[in-house]
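Residue numbers (the numbering used here), protein chains in the order written: chain A, 476 to 890; chain B, 76 to 385.
A virtual CB, placed ideally from N, CA and C, is assigned to each residue, including glycine.
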């Protein structure tokens, strides 16, 4: 048979076969979704499992996995519509710490994996592109480390988070300052602003709230997310007579910042290092130089709240570490979903969305409700921890503190 | 035979959304179309004209930025999209043409610097994500995006196909083969290089515009990411440089590899892709399209060697 005839016979068949394959792939998903009583409740999570922020992604995954283990140990979540308990299953997709991949993976979770609901992964810059996808498909989304106020001003109806807002972070810092005796209280604040959405918003709120409370923001300097040299910022703050420092660097930046502060012999009376000081590696890398540093991640394993002890024990047994703040928030997200599904009595996304909005329960983050914009309203969202002799202690609020605040930070040559 | 295959392929692509309703698959197809347009646009400049650009991410990004800002401010997409392309071509006219003064390796380095400057500028100016409003999300549907992207693919392929076969196209190829000789026989090299640059960047801008129209939420600096600058030449080399079909084949392989391996192996897929790229460069320097001729050539060589040995 000549080549031309062979081509005319094969080409249409090949194209029809490809088309048929894609239709089958399409229908496979539909047939799964049409099942009357699903084997599991599928929660889809696009998370940083590889890439630069995968360490944070692993914390979130650990929190989710322990929560699912606890709920499934009782048979799962009771769904009235099916008259039985259904276990929870989380389907993870890796965004490779790349915000561009996040949206693509969300599409896959919805269209191919047919997930019932969405869970957030780690890092705000990776979570933000997920929100519009959840809104587009009208599927409830509960996110973890999502402090952004701007994202909750878009008018989205399907986005929720129990996490603290940027304002909460600033307020708890100022609350701690207010708790210090007036004659010793630092008055001059320096803010080193990392150039990302979070840094910009924090700077705006710190400027506003510190002025309202009578503090002076004497230094506000910016640095790039990849910056390694903070010496000019330190010299400026030192020259301005700043007594308190607030900043939110990445973990490697935070460690370099402290080392450079020591080299330049600048020890403000109080220092809050968001994000970087949340890690256990903080004290391993800095030793006693990491002491006195404040940090807050929206949750703390010292909290004396229902469920926290069990979570801590299982977490330590599985991962040989104390639970990190994002892991605690992740655990609470699953608790909220389970409670909302149970109250809704169905897996219908709209009804579950309404049930989440009406949440009024106690999680490992304490009592939790949601504001109309989807932002969590918790009693224990404004926390403050401090590294003391290599140990992480909760120092704020006083009713749940594990240790008193160590103040003031002594000069470097007196430690 | 080629024409019939082409018609069948176009019929297949047009009918796809009528049978496949999965948003994910259609979304992947749009991503494929974006890769194809970007690679074809790069191929015109890098493959046919011999001006290896590592700055196509900047033109792609400008196209995306202009289209997005106009479209979310209620300018119809059919107007925003070409304006995005014009924006990219304008940037090329301002910055790219002076880059032509750079010789040998300095042109790629200059365009790479442009790409990095564009990325840094946009990431510092537009800090927040560009998410659609709830109203725009309600009216979002994938089909119009799919057909618009398909139209842009066909437009870019036809444009390049006819351009390289026209008189200016012959001049462009002559410049690639030997710029000094081309100038010596009276070809205005700067004029034709500029024509290739403006056409190429306009198409890259259109690809960026499709990206902006497809995605419901992304950070404004995402289309300026340096990976776009490298994806275009990579896919072209994999498929076959200086051919129309090469960028299509390369884009298809790139997407298939990155999707299959990325979903299961995360960032390891970059290593796998890099390894495949090295193998292709070593054993198939003409890209996957040259596989048949290269294989035949190797077989002939072995037969001849066997004859000599015996």
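Practice task
Compare the C-beta of residue 615 of chain A with all C-beta atoms of chain B and state if any pair is closer than 8 Å.
Solution key: Taking the first residue of the first chain as position 1, residue 615 of chain A is located at position 140. Answer no: the Cβ-Cβ gap between residue 615 of chain A and chain B never drops below 8 Å.
Exercise for the section: Examine chain A for any beta-carbon lying closer than 8 Å to the beta-carbon of residue 271 of chain B, and answer yes or no. Expected result: As a first step, residue 271 of chain B must be located in the second chain, where it is residue number 196. Not closer than 8 Å to any Cβ of chain A, the Cβ of residue 271 of chain B fails to qualify, so no.
Practice task
Starting from the C-beta of residue 367 of chain B, find all residues in its chain whose C-beta is less than 8 Å away, skip the five residues before and the five after it, and write them out in chain order.
Solution key: For the purposes of this step, residue 367 of chain B is identified with residue 292 of the second chain, where counting begins at 1. If we look at residue 367 of chain B and ignore the five residues flanking it on each side, it has no Cβ neighbours.
Problem - Residue-chain proximity (residue 507 of chain A, chain B), Cβ-Cβ < 8 Å - result: To locate residue 507 of chain A, count along the first chain from 1; it is residue 32. Note on residue 507 of chain A: pLDDT 45, under 50, position unreliable in the model; the coordinate value appears next. Closer than 8 Å: no.
Problem - Expected contact under 8 Å - CB spacing of residue 142 of chain B and residue 314 of chain B to nearest Å - result: Position 67 of the second chain, counted from the first residue, corresponds to residue 142 of chain B. Position 239 of the second chain, counted from the first residue, corresponds to residue 314 of chain B. Actually they do not touch by this definition, with Cβ atoms about 26 Å apart.
Practice task
Less than 8 Å between the CB atoms is what I'm expecting for residue 99 of chain B and residue 583 of chain A, so what's the real figure, rounded?
Solution key: Your numbering for residue 99 of chain B matches position 24 in the second chain. Your numbering for residue 583 of chain A matches position 108 in the first chain. 5 Å between Cβ atoms; contact.
Practice task
Determine the DSSP secondary structure at residue 564 of chain A, reduced to helix, strand or coil.
Solution key: Within the first chain, the letter at position 89 stands for residue 564 of chain A. Strand at residue 564 of chain A.
Practice task
Closer than 7 Å by beta-carbon distance: list the chain B residues that pair up with residue 677 of chain A, in chain order.
Solution key: Counted from its first residue, the first chain places residue 677 of chain A at position 202. What residue 677 of chain A touches in chain B: nothing, since even the nearest Cβ is about 12 Å away.
Problem - Helix, strand or coil at residue 109 of chain B [DSSP, three-state] - result: The residue you call residue 109 of chain B lines up with position 34 of the second chain. Helix, per DSSP.
Practice task
Could you give the DSSP three-state label for residue 639 of chain A: helix, strand or coil?
Solution key: One-based indexing of the first chain puts residue 639 of chain A at position 164. In this structure, residue 639 of chain A counts as coil in the three-state DSSP scheme.
Problem - C-beta neighbour in chain B for residue 504 of chain A, strict 8 Å - result: Within the first chain, the letter at position 29 stands for residue 504 of chain A. For residue 504 of chain A, the predicted model reports a pLDDT of 48, less than 50, meaning its position is unreliable; a value from the coordinates is still stated below. By this cut-off, residue 504 of chain A is an interface position.
Exercise for the section: Please confirm whether residue 604 of chain A and residue 838 of chain A have their CB atoms less than 8 Å apart. Expected result: Translated into the one-based positions of the first chain, residue 604 of chain A becomes position 129. Translated into the one-based positions of the first chain, residue 838 of chain A becomes position 363. Contact: no.
Practice task
Return helix, strand or coil for residue 695 of chain A, following the three-state DSSP convention.
Solution key: Here residue 695 of chain A is taken as the residue at index 220 of the first chain, counted from 1. Residue state, collapsed to three classes: strand.
Practice task
Please determine, among B:242, B:243, B:166, the residue with the shortest C-alpha to C-alpha distance to residue 193 of chain B.
Solution key: Taking the first residue of the second chain as position 1, residue 193 of chain B is located at position 118. Checked all of B:242, B:243, B:166; the closest Cα to residue 193 of chain B is B:166.
Practice task
Examine chain A for any beta-carbon lying closer than 8 Å to the beta-carbon of residue 200 of chain B, and answer yes or no.
Solution key: Along the second chain, one-based indexing puts residue 200 of chain B at 125. Not an interface residue.
Practice task
Out of A:594, A:677, A:725, state which residue places its alpha-carbon closest to the alpha-carbon of residue 625 of chain A.
Solution key: Here residue 625 of chain A is taken as the residue at index 150 of the first chain, counted from 1. Per the Cα distances, A:677.
Exercise for the section: Give the DSSP-derived three-state secondary structure of residue 838 of chain A in the structure shown. Expected result: In the first chain, the residue the question calls residue 838 of chain A occupies position 363. Note: residue 838 of chain A maps to strand in three-state DSSP.
Exercise for the section: Within its chain, find whatever has a CB closer than 6 Å to the CB of residue 538 of chain A; leave out the 5 residues flanking it on each side and keep chain order. Expected result: Residue mapping note: residue 538 of chain A aligns to position 63 of the first chain, counting from 1. The answer, listed in chain order, is 802, 805, 806.
Handout entry: Buried or exposed (CB count within 10 angstroms, at least 16 for buried), residue 370 of chain B
Key = Here residue 370 of chain B refers to the residue found at position 295 of the second chain. Residue 370 of chain B should be labelled exposed.
Problem - Residue ranges of each beta strand (DSSP E) within the segment 174-209 of chain B, 3 or longer - result: 204-206
Practice task
Check the DSSP bridge columns for residue 520 of chain A and list the partner residues they point to.
Solution key: Reading the first chain from its first residue, position 45 is the one you call residue 520 of chain A. Looking at the DSSP assignment, residue 520 of chain A forms a beta bridge with A:567, A:594.
Handout entry: Where residue 212 of chain B meets chain A, residues with beta-carbon distance less than 7 Å
Key = As a working mapping, residue 212 of chain B is identified with position 137 in the second chain. By Cβ distance, chain A contributes 607, 610, 611.
Exercise for the section: With 8 Å as the threshold, decide whether the Cβ of residue 832 of chain A is near any Cβ in chain B. Expected result: The residue labelled residue 832 of chain A in the question sits at position 357 within the first chain. Taking Cβ atoms only, chain B never reaches closer than 8 Å to residue 832 of chain A, which makes this a no.
Exercise for the section: Would you tell me roughly how many angstroms separate the C-alpha atoms of residue 373 of chain B and residue 253 of chain B, rounded to the nearest one? Expected result: Locating residue 373 of chain B in the second chain gives position 298, counting from the first residue. Locating residue 253 of chain B in the second chain gives position 178, counting from the first residue. One Cα belongs to residue 373 of chain B, the other to residue 253 of chain B, and the distance between them is close to 30 Å.
Exercise for the section: Please check if any C-beta of chain A sits within less than 8 Å of the C-beta of residue 381 of chain B. Expected result: Against the second chain, residue 381 of chain B aligns to sequence position 306. Answer no: the Cβ-Cβ gap between residue 381 of chain B and chain A never drops below 8 Å.
Exercise for the section: May I have the straight-line CA-CA distance separating residue 247 of chain B from residue 104 of chain B, to the nearest angstrom? Expected result: On the second chain, residue 247 of chain B is found 172 positions in, with the first residue counted as 1. On the second chain, residue 104 of chain B is found 29 positions in, with the first residue counted as 1. Computed Cα separation, rounded: 31 Å.
Exercise for the section: Note down, in chain order, each residue of its chain lying with its Cβ closer than 7 Å to the Cβ of residue 890 of chain A, except the 5 sequence neighbours on either side. Expected result: In the first chain, residue 890 of chain A corresponds to position 415, counting from 1. Same-chain partners within the cutoff: 763.
Exercise for the section: Could you work out which residues of chain A lie near residue 207 of chain B, taking near to mean beta carbons separated by less than 7 Å? Expected result: As a working note, residue 207 of chain B is residue 132 in the second chain. Per Cβ cutoff of 7 Å: 607.
Handout entry: For residue 561 of chain A, the nearest candidate out of A:568, A:551, A:567 (CA to CA)
Key = For the purposes of this step, residue 561 of chain A is taken as residue 86 along the first chain, with counting starting at 1. If we check each option's Cα against that of residue 561 of chain A, A:551 comes out closest.
Handout entry: Distance, residue 541 of chain A Cα to residue 145 of chain B Cα
Key = Indexing the second chain from 1 puts residue 145 of chain B at position 70. Indexing the first chain from 1 puts residue 541 of chain A at position 66. Those two C-alpha atoms are separated by around 46 Å.
Problem - Contact list for residue 587 of chain A against chain B, beta-carbon separation under 9 Å - result: Stepping through the first chain from its first residue, residue 587 of chain A is reached at position 112. Within chain B, the residues near residue 587 of chain A are 97, 99, 100.
Exercise for the section: From the DSSP output, in three-state form, read off residue 135 of chain B for me. Expected result: Taking the second chain and counting its residues from 1, one reaches residue 135 of chain B at position 60. Three-state result, residue 135 of chain B: helix.
Practice task
Return the chain-ordered list of same chain residues with a C-beta closer than 8 Å to the C-beta of residue 365 of chain B, the five sequence neighbours on each side being excluded.
Solution key: Counting from one through the second chain, the residue named residue 365 of chain B turns up at place 290. Closer than 8 Å at the Cβ level, and outside the excluded window around residue 365 of chain B, lie 315, 359.
Practice task
Grab me the residues of residue 319 of chain B's own chain with a C-beta within less than 7 Å of its C-beta, minus the 5 sequence neighbours each way, in chain order.
Solution key: On the second chain, residue 319 of chain B is found 244 positions in, with the first residue counted as 1. Listed in chain order, the non-local C-beta contacts of residue 319 of chain B below 7 Å within the same chain comprise 232, 235, 236, local neighbours out to five positions each way being set aside.
Practice task
Pull up the distance between the alpha-carbon of residue 869 of chain A and that of residue 642 of chain A, whole angstroms please.
Solution key: For this step, residue 869 of chain A is matched to residue 394 along the first chain. For this step, residue 642 of chain A is matched to residue 167 along the first chain. Distance between the alpha carbons of residue 869 of chain A and residue 642 of chain A is about 20 Å.
Practice task
Go ahead and label residue 181 of chain B buried or exposed: buried means 16 or more other beta carbons lie within 10 angstroms of its beta carbon, across all protein chains shown.
Solution key: As a working note, residue 181 of chain B is residue 106 in the second chain. So residue 181 of chain B counts as exposed.
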